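In what follows, a structure is listed as structure tokens, so that the remarks can point back to it.
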Amino acid sequence: MVREFQKVMNELVERRIEEVINSKEFVSYNEILDHDLDEKLKQLKQFDSDEAKMNALSDLKDNIFEQVFSQTNIAYKTGFNDAFILAVDMFVMPKKI
Numbered sequence: 509m510v511r512e513f514q515k516v517m518n519e520l521v522e523r524r525i526e527e528v529i530n531s532k533e534f535v536s537y538n539e540i541l542d543h544d545l546d547e548k549l550k551q552l553k554q555f556d557s558d559e560a561k562m563n564a565l566s567d568l569k570d571n572i573f574e575q576v577f578s579q580t581n582i583a584y585k586t587g588f589n590d591a592f593i594l595a596v597d598m599f600v601m602p603k604k605i
């Protein structure tokens, strides 16, 4: 019974992660960040000085951090919302069977 419960929970989590990754908010934000990252990579080839290249690399690192942060933020927000809804459904307004 415990293994079946774990299996069901894992399937639920996998489905939910897929929904988050395919959500409009997640996809549109990633498209913007990917475009910005591509533009910065193209600019990197144009710099002559090492200082300019280092500044561009710093911008790339910031861009990657921002992308990971936004993805994590969306995932945590979704997870918290799901947990809150579950808690309300189970404890605040339990359904009578």
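Each residue of the sequence shown is one higher than the one before, starting from 509 at the first, in our numbering.
Beta carbons are placed, not taken as given, at the ideal position from N, Cα and C, and that holds for glycine.
Every value quoted in this text rests on a predicted model; they were computed, and no experiment measured them.
In angstroms with no decimal places, state the Cα-to-Cα distance between residue i and residue j.
i, j, result
"Ile572", "Val521", "25 Å"
"Lys548", "Gln554", "10 Å"
"Leu552", "Asp558", "11 Å"
"Ser578", "Tyr584", "10 Å"
"Phe588", "Met601", "18 Å"
"Leu565", "Asn518", "38 Å"
"Glu512", "Met562", "52 Å"
"Glu527", "Val535", "11 Å"
"Asn530", "Met598", "28 Å"
"Leu541", "Arg524", "23 Å"
First and last residue of the alpha helix (DSSP H) that includes residue i?
i, result
"Asp590", "Asp558 to Ala595"
"Asn534", "First, the amino acid is wrong: residue 534 is Phe here, not Asn. Its alpha helix (DSSP H) spans residues Lys532 to Leu552."
Identify whether residue i lies in helix, strand or coil by the three-state DSSP scheme.
i, result
"Phe555", "coil"
"Met598", "helix"
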